[in-house]
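**Student:** In the working numbering, the protein residues as written are 7 to 82. The beta-carbon is built from N, C-alpha and C at its ideal position, and this holds for glycine as well. Note that the structure is a prediction, hence the values are computed from the model and not measured.
Laid out in structure tokens, this is it:
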């Protein structure tokens with residue numbers, strides 16, 4: 007499990023994309039019933055990330071929570 011308390015792609019999708027490629031990790035689906043969740047980004051500032059990034063979760067900042075990012079990883 008990888009989690010941060012930020013929604014900055016440089017600290018989230020970019021890190022996950024890099025370690026998955028480097029260490030042969032797979033991203034697993036996360037089921038979370040929370041209205042402020044969005045799938046991870048597959049592109050940011052001209053950088054493309056794996057389509058698997060859609061399995062990660064971005065929890066957007068709201069009145070009840072700060073922004074978070076969650077990825078569930080598995081070694082393949």
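Using the three-state DSSP reduction, which class does residue 25 fall into: helix, strand or coil?
**Tutor:** In this structure, residue 25 counts as helix in the three-state DSSP scheme.
**Student:** Which ranges does the beta strand (DSSP E) cover as unbroken runs of at least 3 residues, wholly within the segment 26–55, from first to last along the chain?
**Tutor:** Complete beta strand (DSSP E) runs here, min 3: 31–34 and 43–45.
**Student:** Using DSSP bridges, identify the partner residues of residue 77.
**Tutor:** 8.
**Student:** Just checking my contact of residue 2 with residue 33 at CB under 8 angstroms: how many whole Å lie between their CB atoms?
**Tutor:** There is no way to answer for residue 2, as the model of the chain reaches only from 7 to 82.
**Student:** What residue range is occupied by the uninterrupted beta strand (DSSP E) comprising residue 63?
**Tutor:** 63–65 is the extent of the beta strand (DSSP E) around residue 63.
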